[in-house]
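Heads up: the sequence shown is residues 39 to 256, going by the working numbering. The beta-carbon is built from N, C-alpha and C at its ideal position, and this holds for glycine as well. The model shown is predicted, which means the values in this text are computed figures rather than measured ones. One structure below.
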Amino acid sequence: VYEDSDVLVADKPAGLPVTDEDGRTADTLINRALLYLYHKGEYAPERGWTPCLCHRLDTGTSGLVLIAKTQQAEALLLHLVKERMIEKKYLCVTFGHPSPAAATLRGYLQKDARQARVRILDTSAPGAKDIVTKYKTLAVSGRLALLEVELVTGRTHQIRAHLASIGHPILGDFKYGSSAVNEEAKKRWNIRSQMLHSCTVTFPQLPEPLTGLSGKTF
39 VYEDSDVLVA DKPAGLPVTD EDGRTADTLI NRALLYLYHK GEYAPERGWT PCLCHRLDTG
99 TSGLVLIAKT QQAEALLLHL VKERMIEKKY LCVTFGHPSP AAATLRGYLQ KDARQARVRI
159 LDTSAPGAKD IVTKYKTLAV SGRLALLEVE LVTGRTHQIR AHLASIGHPI LGDFKYGSSA
219 VNEEAKKRWN IRSQMLHSCT VTFPQLPEPL TGLSGKTF
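Written out as structure tokens, the structure is:
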């Protein structure tokens with residue numbers, strides 16, 4: 039989507055993992071990026087530093103991912119992500135129409151490492167982190183709704199679990215949604231991954247080396 043001497047903004051397809059979590063997956067987004075940069079002559083393993091991801095998307099989620107090509111860019115981008123200075127918006131299709139049509143959801147997210155999933159809580163608990171998710175309904179069709187979601191905090195599975203917690207899971211999400219609904223969606227529309235897409239990232243005003251990204255939306 040965008041590239042300069044310090045940053046690569048990639049559009050990840052659904053089904054492609056961003057990185058190798060289990061030591062058995064060679065085809066990942068970061069490996070594709072490294073191969074691309076290697077052929078351009080911008081990356082060589084022997085140089086001692088490797089371009090890296092600055093945030094992640096779930097394997098089944100598509101859309102924009104930031105990759106740092108230099109150490110200076112990595113440090114600044116990680117700072118921006120940590121301080122929530124990059125605005126990230128998503129599109130998703132939910133089963134059912136959220137009410138109200140637009141809202142700011144707040145809660146606490148607790149990881150369950152054994153089941154590789156998270157829980158949404160109304161009150162704080164040991165190991166739980168606060169979450170804020172904004173959404174607005176763009177369109178409805180039958181039992182489905184198209185939402186624009188702004189990820190204020192960026193926790194594991196946050197959008198998927200937060201929307202499911204209010205009774206409107208993302209279509210195609212077998213982990214947090216309804217198996218019966220998702221099987222129907224697979225048969226009717228050939229939907230095989232969750233309908234969640236990282237559609238825009240907006241940057242604030244930035245110093246060197248990222249002045250080229252200042253105020254831009256991709």
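Which listed residue (the options) has its alpha carbon closest to that of residue i
i, options, result
"residue 46", "67, 53, 60 and 52", "67"
"residue 110", "90, 49 and 94", "90"
"residue 122", "170, 133 and 137", "170"
"residue 147", "161, 114, 140 and 112", "161"
"residue 168", "189, 96 and 233", "189"
"residue 139", "229, 152 and 186", "186"
"residue 117", "255, 250, 245 and 254", "245"
"residue 259", "166, 219, 235 and 44", "With the chain covering 39 to 256 only, the question about residue 259 has no answer from this structure."
"residue 181", "208, 88, 173 and 112", "208"
"residue 213", "97, 70 and 87", "97"
"residue 164", "149, 175 and 228", "149"
"residue 125", "219, 250, 192 and 197", "192"
"residue 137", "172, 154 and 166", "172"
"residue 14", "88, 204 and 196", "Look at the range of the chain in this structure, 39 to 256, and you will see that residue 14 is not part of it."
"residue 233", "72, 100, 50 and 86", "100"
"residue 195", "60, 229, 144 and 154", "154"
"residue 197", "179, 80, 145 and 227", "145"
"residue 50", "63, 64 and 71", "71"
Residue interval of the alpha helix (DSSP H) (run including residue i)
i, result
"residue 208", "Taken as a continuous stretch (DSSP letters only), residue 208 belongs to no alpha helix (DSSP H), as it is neither H nor E."
"residue 68", "67-78"
"residue 50", "Note, residue 50: premise wrong, no alpha helix (DSSP H); beta strand (DSSP E) at 45-50."
"residue 183", "Residue 183 -> not in any alpha helix (DSSP H); beta strand (DSSP E) instead, spanning 182-189."
"residue 219", "217-227"
"residue 119", "109-120"
Beta-carbon proximity of residue i to residue j, cut-off 7 Å
i, j, result
"residue 231", "residue 52", "yes"
"residue 177", "residue 135", "no"
"residue 199", "residue 156", "yes"
"residue 206", "residue 132", "yes"
"residue 239", "residue 54", "no"
"residue 159", "residue 237", "no"
"residue 241", "residue 39", "no"
"residue 210", "residue 223", "yes"
"residue 114", "residue 248", "yes"
"residue 44", "residue 107", "yes"
"residue 92", "residue 56", "no"
"residue 250", "residue 42", "yes"
Opposing strand residues paired with residue i [DSSP bridges]
i, result
"residue 167", "147"
"residue 158", "147"
"residue 81", "None; residue 81 has no bridge partner."
"residue 179", "182"
"residue 174", "140 and 186"
"residue 90", "106"
"residue 249", "For residue 249, which the question treats as bridged, DSSP gives no partner whatsoever."
"residue 41", "46"
"residue 255", "240"
Cβ-heavy atom distance, residue i to the ligand GTP, below 6 Å
i, result
"residue 212", "What this structure holds is no ligand at all, so the ligand GTP is not there to describe."
Extent of the continuous beta strand (DSSP E) to which residue i belongs
i, result
"residue 198", "Where residue 198 is concerned, there is no enclosing beta strand (DSSP E), although the alpha helix (DSSP H) it sits in stretches over 196-203."
"residue 127", "125-133"
"residue 106", "100-106"
"residue 236", "234-240"
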